[in-house]
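4 protein chains.
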Amino acid sequence: MGRFREPPDPVFHALNASISFDRRLGTYDVRQSQAHVAMLAEAGILTADEAEQLRRGLDEVAAELEHGTFEFLPDDEDIHMAIERRLTEIAGPVGGKVHTARSRNDQVATDMALFVRDQATEARKRLLDLMGALADIAEAHADWPMPGYTHLQRAQPVYVSHHLLAYFWMFRRDLDRFATASCATADLPLGAGALAGVNWDTRRESVARALGFDGVVENSLDAVSNRDFVLDYLSAASICSMHLSRLGAEIVLWSSEEFGFLALGDSFTSGSSIMPQKKNPDAAELLRAKAPRVASHFNALLGVMHALPLAYNKDMQEDKEHLFDTVDTLNLCLDAATGMLRTAKFDRERLAGAAADEFLAATDIADLLVRRGVPFRESHAIVGGIVRHALEHDKQLSELTREELAGFSDNLDDEYYAVLSNGSWLESKVSEGGTASARVGEQLGRARAILEGVQP
Amino acid sequence: MGRFREPPDPVFHALNASISFDRRLGTYDVRQSQAHVAMLAEAGILTADEAEQLRRGLDEVAAELEHGTFEFLPDDEDIHMAIERRLTEIAGPVGGKVHTARSRNDQVATDMALFVRDQATEARKRLLDLMGALADIAEAHADWPMPGYTHLQRAQPVYVSHHLLAYFWMFRRDLDRFATASCATADLPLGAGALAGVNWDTRRESVARALGFDGVVENSLDAVSNRDFVLDYLSAASICSMHLSRLGAEIVLWSSEEFGFLALGDSFTSGSSIMPQKKNPDAAELLRAKAPRVASHFNALLGVMHALPLAYNKDMQEDKEHLFDTVDTLNLCLDAATGMLRTAKFDRERLAGAAADEFLAATDIADLLVRRGVPFRESHAIVGGIVRHALEHDKQLSELTREELAGFSDNLDDEYYAVLSNGSWLESKVSEGGTASARVGEQLGRARAILEGVQP
Amino acid sequence: MGRFREPPDPVFHALNASISFDRRLGTYDVRQSQAHVAMLAEAGILTADEAEQLRRGLDEVAAELEHGTFEFLPDDEDIHMAIERRLTEIAGPVGGKVHTARSRNDQVATDMALFVRDQATEARKRLLDLMGALADIAEAHADWPMPGYTHLQRAQPVYVSHHLLAYFWMFRRDLDRFATASCATADLPLGAGALAGVNWDTRRESVARALGFDGVVENSLDAVSNRDFVLDYLSAASICSMHLSRLGAEIVLWSSEEFGFLALGDSFTSGSSIMPQKKNPDAAELLRAKAPRVASHFNALLGVMHALPLAYNKDMQEDKEHLFDTVDTLNLCLDAATGMLRTAKFDRERLAGAAADEFLAATDIADLLVRRGVPFRESHAIVGGIVRHALEHDKQLSELTREELAGFSDNLDDEYYAVLSNGSWLESKVSEGGTASARVGEQLGRARAILEGVQP
Amino acid sequence: MGRFREPPDPVFHALNASISFDRRLGTYDVRQSQAHVAMLAEAGILTADEAEQLRRGLDEVAAELEHGTFEFLPDDEDIHMAIERRLTEIAGPVGGKVHTARSRNDQVATDMALFVRDQATEARKRLLDLMGALADIAEAHADWPMPGYTHLQRAQPVYVSHHLLAYFWMFRRDLDRFATASCATADLPLGAGALAGVNWDTRRESVARALGFDGVVENSLDAVSNRDFVLDYLSAASICSMHLSRLGAEIVLWSSEEFGFLALGDSFTSGSSIMPQKKNPDAAELLRAKAPRVASHFNALLGVMHALPLAYNKDMQEDKEHLFDTVDTLNLCLDAATGMLRTAKFDRERLAGAAADEFLAATDIADLLVRRGVPFRESHAIVGGIVRHALEHDKQLSELTREELAGFSDNLDDEYYAVLSNGSWLESKVSEGGTASARVGEQLGRARAILEGVQP
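Quick mapping for you: the protein sequence lines, in order, are chains W, B, R and H. According to the working numbering, the stretch in the first sequence is residues 1 to 456, in order. According to the working numbering, the stretch in the second sequence is residues 457 to 912, in order. According to the working numbering, the stretch in the third sequence is residues 913 to 1368, in order. According to the working numbering, the stretch in the fourth sequence is residues 1369 to 1824, in order.
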């Protein structure tokens, strides 16, 4: 308060203070202070005795934070000052030595890096749970046919397992994204001081090791100006949330009376205040609805960092709420997705009925002609004509007579009808990654291998 | 719970329940229930006695909400159910009649409309305070010259008053935007039921009048699907926040040692944890930093509404947190902007010194030539040459000799030096809206007239 | 070029030049130059003869632009300089006088205001076409029942007309938004000069009148710093595009085999390169897909303006591409929506079949109990129990026996079965804005009245 | 066209056709067709002769594309159909065989993956150029002091080299991000067919090898539904553009008269149409202004993918314009940043003058007290008091007398004045990553090593 004559205006305090949300970083802040103090002693900047007093004081602060007995005061501006204040109450004036050779600027960057690293692991754990659920459900519905869609039009039949595993691979990629976000926190900011380094011959590598960092940030200005690792987490979360939105949207669709492909359990649906018959897929809808929120946090933090001159600017305090809400939203959504999926009861009959739509075999008919030497583009046109003819005469493809077929091509014989007999065109998708059972089996095997091999 | 066998999963409850944030709508919810009950009695759907019991029960609920004694229970899913639950505890089974002829879908839309309408007024009040501050400060610095900038290069001098009033007009436009947002809530959603209207011959107009709406939403599906009015508020807030970010950014700039145009009061600045000399313009930085947050809320809600089929979808529950955080952020920023500005001390000498930069008169020299018949484009080139010559010879424009000038044009005589005598080119900007004192005076007059004439 | 020794680097030229896109403003630029020249003559700043030469020259430029014969040169940086260059080629050195008493800063703001004003009208015209189509189609399907949905679960039946008119009212609000955007361009920027006003006693009101503005921007700094009106247009376009995305999404859904509610015409659908049977609702999908693009333009321009100091900054050049792409996207989408809707063939049988789902009458059964004195909340629970009973016994509600019903309530008699007879619960939604035919008829009447009364 | 009776409506064609922008993928499309044809022959699906005809035809198409002689026809909907059309013109009906065992859905995903992979490399090349320029300029200004800033307030002096290298490390991280984006394209989509795999026993691994992929996408639905790799590129570009915006913003600031830290070359600045003296940092402003554009493309594509059901939907066509504009914008900005920086002339005197501000030594004075046993928090308060005293008495810190100092602490002796002698506090920042010359030297060495070791 040295150079200030007047206290903060209450409106300014309300705008400026971060304690209402950055208290969440408390344990990280204590942990880094412990490492910092140990280093200061190692480097001879603090005496062993001072360090010991600080260590014990910090232990006490940590315990208070853990047990919820840490008392925040109205004047606490942020978690760093609150902890130093409390430390000094506990340990006496030596508490004022904890801030030697550091600044809040490098301190908060370090807290945030530690937090992001942990949260990247949390996300990975939850992703693995979700991927496990998808693999289980895929396995349980390995050979259940359903229509595959493009443009939300029935396109070709696939197995339910195949469709569900598509999500497995999306989340597999998200797993990598969170690993990347974790790597983005590999270098320790602490020790950069306010922006220029500190007036002490410190041992940043030693702090880095103690806190699980691989190394130190190379440039002190960058150390306090950088929030890329938060952005990397938010970007990963944005893409992951988009994947969840697609999953949610499909569950909503499949839960409709019109599709009727599955029923969610009571425990992940809710009713209407007015319509007694309603069972609404609220969880699935919210998976969908949360994606823009997460994406907007990324967008907002990019906006905050936009055009900021070096080094630290107060604007960067905004990183926290955007990150915290994303973390909470994402973790909850991942848990809800896993829980909800595990309650889903697929309706084999409805799925099979929809998959039996003969028009879904049109490509297979075209390919039959191709095998007889008709160029694909030509065979496509022939079958298109047959489809129109069938529609206009209100017939199924298998109801067309030989005579009718002959009007389109000479190459349509018994095999035409054979192709149309239900199911044949599912097992013919034998290309790698295709929906034929053997291929889906391989795919599931690889999914299982990944689940066994990956550590969060 | 009638058609459900299983209770909600805790994860689902955590995702689904809105009570942690929608409790903020409590008083609006009670108010609309009062109007709804009165209408039900008027229409003969409730007896006078039932209505009276409900009215008294609701009064009690309102009192509990107001005094903070309303007890929320773990099973309360949202504010509507919590209030109906409490009403029934107070009034007995008749409480179950309050939900006759309505649904949560039209109910929540009504709460939100009432909330937006009030908040649009709140924003307008604060905008008027800020505009008042700008007018006052402009008046107090009516004739203080400062450099005007384009591309952050000194361009032409202006009066501080003129510069500050530019913000007045930005906020003036925001005032209109919030009025528009308020108008967007003119029609009452209540009475639309779940989506199709209700099985009762209700009197929506009567409820509308009681709650201060101009009319009723024309289409019941639209009534429960529409969140445009929230978007209108968020859009207004986004643009207003962008204006605040510009103001904040300029204050940051002007507070720098390099500019040195003003000093903020201690009560709206803060220090550094490490650098004792620092006095940082945190409030101004946060005005800047909050704009992307607000813009992202608009962006997110648009994303939530994206591609939603009619009518109500659970996704729309996301409207609340985006709106509430925007409201709190904007209101605080507006108050902080006003408070901060009122502490600013401009440095007349620094401003005047910067404004005296002779190069700022280059346009005026060019216009001098124009008055002597040289086409502007040509005179611009001549003066450009003179500027380059001066820079290369490290001279001020007024230090150039007649001989040097003669090399560029025959038309440069005593008046050239007269133009360069400090200040002359400020008062020559006599065009409407220009920086000449008379014009700024007119402008300030119009600003004052607006402040007197507008009601929030 | 006076003060510059070196020409622009090609990379800089590529980044800096706006001519590739701002040429679109050419006719506006000429028009404002005409008004500017006329004013300069009126104010005695140009002679009548000079003004006449410029007027004729500008006419020629306009003709070249209109006929596509205007030749742009590699060195043309922007449309303003290109036109002045060409004008000078045509009219001789007097062309250099056109830029007297103005700057590109106020000039481009004026072009943009004129462009936005015109485009707001364009959007309104197209909205009226779309609203007309919706009204026509609603009228043609006035009494066709379909299920209304909440949470994409069948909720209560509505008429197709009622559902379509919900979109009418959304676009009705957009109509107002574009009117607001148009109003935001009411004040003329021209005459503000670079930022401070000009050294001439100009007549801005006269230019304003000539160009159709209501007045002049009050503050010259604001005049050249302001792009709010572009943001207002983009905000309106964002919300309108979101509405289109909802319409598109519903058309996609309804075109699916599962819903089967309508078939789009061949002229607004396309096929698959591989699957001959496919008829994909590409137009509807693109209506959906374009909304985030438009929203992002708004978001981006807010980001561009973020924290910009006054007055003009080059960043503001980014306004153009964001606006132009939005204009083109929106106009095309509005036209496509209208065209596509007019090809849609609704399937009366499928719609009616879905609407006949007895569970949609659950609210009506509950209301039946209410009429007999059971509080709504209680009746809701009773009917919920009945629904669960029916589902568990795989029965329709009308298949439940008197005995089964008696287990739930004494109040369920013949009227229970009467309510369940198809259609009765559609006409009972008699509240204002409800789906009962009489109400929809009133609504359509008001829609028609609006279409007749509004001018784009 | 088989099943369609009517041609596309012109409005639909305008909305639907992608040929105006996806033609940019032409060479990738031919390349993948070559690999596809070779595989089809290898697998016995085409005869050697057919394959040879197709190969030659595709070569011809490639040549036409390269030489700009490929003629697009009005009916060409997209690049894939245009190429197949042209191939068939050249090679005859066998051209219709090229589309055997694939779909546009997997084809376009493959084109996009190839394009993204190349563009990630392009970005990396340009980043290396920029990093090289930063290293060069840092080296040339190794020991030039300047003020370091936090909150845009002078904080502590740093070397220009140190400040510039902070950007080096930002772009270093971007290098990794583009490498990650490149890795995201490691798996080949082609061969997934429309969504379910194809009716042929293809050899996707073989195609993958031919086109430089590491493997094949595991799941055919995912192959055609996935645009994650585009998002990964856009995310990398968003963060990189944000870094550029910070660099641009600082250059703008430093180019101002008030800072005066550097002058850009004429070749990367431009003038004013009205003010002859102006030399505006347009390039730097545009670096700043483009960041929101890029970020919005990421945001928009996330919005496009939001809630899309599997597998391919037309919405995904929107990926292209968002990507292409980002690629062009980013590449140009990176080139411009490099070019602009190389023209910058730093002003040693101005920088040094600003860095000599004695208040920047306040931390060093505080640390002096710490060395004498005063806890840092206490010493911070003491120095804060001294600063206030100096400001109130309008003195420099070095002008304070012993007596004045004694009023604050007993520990302030000659060393106080020694610390204040210019420069001493720069070299004392000896911590790893600090601004002391030796540390900056190490940092530059590591930067050089990276530049030598990395391949784009």
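Ideal Cβ placement from N, Cα and C applies to all residues, glycine included.
(request) Would you kindly report the start and end of the unbroken alpha helix (DSSP H) that includes Thr1731 of chain H? (result) Ala1730 to Arg1739 is the span of the alpha helix (DSSP H), which, as asked, contains Thr1731 of chain H.
(request) Starting from Ser1638 of chain H, follow its DSSP beta bridges and name the residues at the other end. (result) The partner list for Ser1638 of chain H (beta bridge, DSSP) reads H:Asn1648.
(request) Would you list, in chain order, the members of the stretch 1006–1034 of chain R that have their beta-carbon closer than 7 Å to a beta-carbon of chain B? (result) Of all residues in the stretch 1006–1034 of chain R, Val1006, Gly1008, Lys1009, His1011, Thr1012 and Asn1017 have a Cβ within less than 7 Å of some Cβ in chain B.
(request) Pick helix, strand or coil for Gly671 of chain B, following the three-state DSSP scheme. (result) Gly671 of chain B sits in a strand when the DSSP states are folded into three classes.
(request) Find the residues of chain H that neighbour Asp1247 of chain R, judging by a C-beta separation of less than 9 Å, and give them in chain order. (result) Val1379, Ala1382 and Leu1383, listed in chain order.
(request) Check the Cβ-Cβ distances between Gln455 of chain W and every residue of chain D, and say whether any is below 8 Å. (result) The question asks about chain D, but that chain is absent: this structure's protein chains are W, B, R and H.
(message) In chain order, what are the residue ranges of uninterrupted alpha helix (DSSP H) at least 4 long that sit wholly in the stretch 522–598 of chain B?
(response) Within the stretch 522–598 of chain B, the complete alpha helix (DSSP H) segments at least 4 residues long are 535–547 and 560–596, listed from N- to C-terminus.
(message) For Arg1454 of chain H, count the other beta carbons within 10 Å of its own beta carbon; 16 or more makes it buried, fewer makes it exposed. Which is it?
(response) Classification of Arg1454 of chain H: buried, given that the 10 Å Cβ count is 16 or more.
(request) Starting from Arg833 of chain B, trace the alpha helix (DSSP H) both ways and give me its first and last residue. (result) Counting along the chain, the alpha helix (DSSP H) containing Arg833 of chain B begins and ends at Phe832 to Glu848.
(request) Check whether the Cβ atoms of Leu1812 of chain H and Thr1803 of chain H sit closer than 8 Å, and answer yes or no. (result) No, Cβ-Cβ distance for Leu1812 of chain H and Thr1803 of chain H is not below 8 Å.
(message) Is there a C-beta anywhere in chain B that falls below 8 Å from the one on Lys1658 of chain H?
(response) No Cβ of chain B is located within less than 8 Å of the beta carbon of Lys1658 of chain H.
(message) Please classify His67 of chain W as buried or exposed, where buried requires at least 16 other C-beta atoms within 10 Å of its C-beta.
(response) With fewer than 16 other Cβ atoms within 10 Å, it is exposed.
(message) Under 8 Å, Cβ to Cβ, is there at least one residue of chain R near Asp1497 of chain H?
(response) It does not; no Cβ of chain R falls within 8 Å.
(request) May I have the straight-line CA-CA distance separating Gly1460 of chain H from Glu1428 of chain H, to the nearest angstrom? (result) The C-alpha of Gly1460 of chain H lies about 13 Å from the C-alpha of Glu1428 of chain H.
(request) Consider the C-beta atom of Ile137 of chain W and the heavy atoms of the ligand ATP; say whether any pair is separated by less than 7 Å. (result) Summarising the ligand content, the structure contains no ligands, and the ligand ATP is consequently not present.
(request) Below 7 Å CB to CB, which residues in the same chain sit around Asp1600 of chain H once its five sequence neighbours on both sides are set aside? (result) The residues are Thr1548, Ala1549 and Ala1552.
(message) Using CA atoms only, rank isn't needed, just tell me which of B:Gly604, B:Ala591 and B:Asp870 is closest to Val614 of chain B.
(response) Comparing Cα positions, the closest option is B:Gly604.
(request) Give every residue of the same chain whose Cβ lies closer than 7 Å to the Cβ of Tyr940 of chain R, excluding the five residues on either side of it in the sequence, and list them in chain order. (result) Closer than 7 Å at Cβ, skipping near neighbours: Asp1023, Leu1026 and Phe1027.
(request) Keeping to the same chain, check which residues put their C-beta closer than 6 Å to that of Ala507 of chain B; ignore five residues upstream and five downstream. (result) Val493 and Ala497, listed in sequence order.
(message) According to DSSP, simplified to helix, strand and coil, what is Phe780 of chain B?
(response) In the three-state reduction of the DSSP assignment, Phe780 of chain B falls in the helix class.
(request) Could you check which residue in B:Ile535, B:Met761 and B:Arg804 has the C-alpha nearest to that of Gly716 of chain B? (result) Comparing C-alpha distances from Gly716 of chain B to each of B:Ile535, B:Met761 and B:Arg804 shows the shortest one belongs to B:Arg804.
(message) Can you give me the C-alpha to C-alpha distance between Lys1191 of chain R and Arg1038 of chain R, rounded to a whole angstrom?
(response) Roughly 27 Å between the two C-alpha positions.
(message) If you measure between the beta carbons of Ser617 of chain B and Val896 of chain B, is that distance less than 8 Å?
(response) Contact: yes.
(request) Could you tell me the distance, in whole angstroms, from the CA atom of Leu1502 of chain H to the CA atom of His1467 of chain H? (result) Whole-angstrom Cα-Cα distance: 49 Å.
(request) Find out if the Cβ-Cβ distance for the pair Ala811 of chain B, Val839 of chain B is shorter than 8 Å. (result) Between Ala811 of chain B and Val839 of chain B, the C-beta spacing is not below 8 Å.
(message) Measuring straight from C-alpha to C-alpha, what distance separates Lys514 of chain W and Ala196 of chain W?
(response) This structure leaves residue 514 of chain W out entirely; chain W is present only between 1 and 456.
(message) Does any residue of chain W have a CB that is nearer than 8 Å to the CB of Met913 of chain R?
(response) Its pLDDT being 48, under 50, Met913 of chain R is placed unreliably in this model, and the coordinates cannot settle the point.
(message) Please identify the residue among R:Gly1105, R:Trp1056, R:Glu1169 and R:Asp921 whose C-alpha is closest to the C-alpha of Ser1349 of chain R.
(response) Among R:Gly1105, R:Trp1056, R:Glu1169 and R:Asp921, the Cα nearest to that of Ser1349 of chain R belongs to R:Trp1056.
(request) Would you kindly check if the distance between the Cβ of Glu860 of chain B and the Cβ of Asn313 of chain W is under 8 Å? (result) Not a contact, by the Cβ cut-off of 8 Å.
(message) So Ala1730 of chain H contacts chain B; which residues on that side make the cut at Cβ distance below 7 Å?
(response) The CB of Ala1730 of chain H comes closer than 7 Å to the CB of Met731, Pro732 and Gln733 in chain B, given here in chain order.
(request) Please list the partners that Asn280 of chain W has in chain R, where partner means a Cβ-to-Cβ separation under 9 Å. (result) What Asn280 of chain W touches in chain R: Thr1062, His1063, Leu1064 and Gln1065.
(message) Based on DSSP bridge pairs, tell me the residues matched to Ala150 of chain W.
(response) In the sequence as displayed, the identity of residue 150 of chain W is Thr instead of Ala. For Thr150 of chain W, DSSP records a beta bridge to W:Gln153.
(request) Confirm, please, whether the CB-CB distance from Met1643 of chain H to Ala745 of chain B is below 8 Å. (result) Not in contact: Ala745 of chain B and Met1643 of chain H (Cβ atoms no closer than 8 Å).
(request) Report the neighbours of Leu1670 of chain H on chain W: residues whose CB is nearer than 7 Å to its CB, in chain order. (result) Per Cβ cutoff of 7 Å: Ser238, Met242 and Ala295.
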